[in-house]
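Quick note on numbering: the UniProt record's numbering labels position 97 of the sequence shown as 97, and the sequence is numbered without any gaps.
Notes follow once the structure below has been shown.
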Amino acid sequence: MQTQETNWDICLMKRRFALREMETRLNILNEEFKVMHQHNPIDHIVSRIKSQQAIEEKLRRKGFSVSEKLAERYIRDIAGLRIICSFTDDVYHISRLLEQQADLRLTQKKDYIENPKPNGYQSLHLIIEVPVNRTTISEMIQVEVQIRTMAMDVWASLEHKMYYKFRHDVPKYLQNNLKESAQILYELDEKMNTLKKEINMFHDLPSIRI
């Protein structure tokens with residue numbers, strides 16, 4: 001008979017498996033691009049699993065009682081994957097490639113690049129159900145995928161540290177400065193994206209294709 005603790009272990013184990021599956025797929029895509037197109041759309045990947053304590057706290061904030069069954073039903077970001085790209089075009093390209101994989105199921109998409117959050121946050125968020133095959137069962141497990149550029153990631157890291165330092169009571173002038181910085185970084189991403197396209201127009205120089 002499974003205990004409550006064992007149920008939580010299984011819940012988190014399945015998410016670890018789903019993350020490994022996604023990381024393998026992304027590494028395959030990235031290596032293929034390197035060989036076929038001399039370009040790596042993915043700079044790096046970061047993954048994480050929420051702790052049981054963090055999941056329980058989120059359930060309580062949402063007004064639910066605490067159980068792994070409710071967590072699996074209502075907490076969609078237990079498993080999280082962050083994909084960091086060099087260019088904005090790469091963000092959307094990776095998203096399209098994932099959406100085209102027949103055995104992955106996209107259940108939610110939020111484009112905070114096209115429509116940034118009020119504080120300036122930018123990223124493309126996907127909720128994807130990933131097939132996980134175990135010894136006796138096959139299940140679709142949800143993974144939250146965030147895809148962003150390196151500039152967006154630097155901004156998000158600073159924003160997280162700032163809110164942690166001020167315990168979410170950030171002075172207004174710092175909030176305004178952070179939002180202005182997000183716009184500057186957005187414009188930088190756009191310029192870099194344009195520069196990449198201009199460089200790639202020189203078909204007679206395939207060795208510098210990026």
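Backbone N, C-alpha and C fix where the C-beta goes; we use that ideal spot for every residue, glycine too.
Remember, predicted model here, so these are calculated numbers, not experimental data.
Every alpha helix (DSSP H) stretch that sits fully inside the region 118-172 and reaches 4 residues is listed by chain position as 150-165. For N177, the closest of K58, Y121 and A18 by C-alpha to C-alpha distance is Y121. Remark: fewer than three beta-carbon pairs, one from each stretch, lie closer than 8 Å, so the region 60-78 and the region 29-42 are not flagged as touching.
In this structure, DSSP gives Q52 a helical state, which the three-state scheme calls helix. Ranked by how close their Cα comes to the Cα of M22, the residues I127, H168 and N115 have I127 in first place. For R96, no beta strand (DSSP E) encloses it; the enclosing alpha helix (DSSP H) starts and ends at T88 to Q100.
In this structure P118 is exposed. Its beta-carbon is surrounded by fewer than 16 other beta-carbon atoms within 10 angstroms. In terms of CA proximity to C11, S67 leads the group N115, K34, L106 and S67. Bounds of the alpha helix (DSSP H) holding L70 are E68 to Y74. In this structure, P41 sits near I94, with a CB-CB distance shorter than 7 Å. When rounded, the separation of the alpha-carbon atoms in H39 and L70 is 42 Å. Counting along the chain, no beta strand (DSSP E) covers Q38, and no H or E run does either. Sequence-distant partners of R82 (beyond 5 residues in either direction) whose C-beta falls short of 6 Å from its own C-beta, in its chain, are V46 and Q146. The alpha-carbon separation between Y92 and K179 amounts to approximately 23 Å.
Under the criterion of beta carbons closer than 8 Å, L19 and V143 qualify as touching, at roughly 6 Å. Judged by DSSP in its simplified three-state form, I113 adopts coil rather than helix or strand. Counting every other CB atom within 10 Å of its CB across the protein chains shown gives V130 a total of 16 or more, marking it as buried.
The alpha-carbon separation between H37 and K196 amounts to approximately 14 Å. Under the three-state reduction of DSSP output, S65 falls in the coil class, being neither helix nor strand. E139 is the residue among K58, V170, S181 and E139 whose C-alpha sits nearest the C-alpha of D103. Nearest neighbour of S86 by Cα position, chosen from R16, M150 and Y164, turns out to be M150. Between K50 and V132, the CB-CB gap reaches or exceeds 7 Å.
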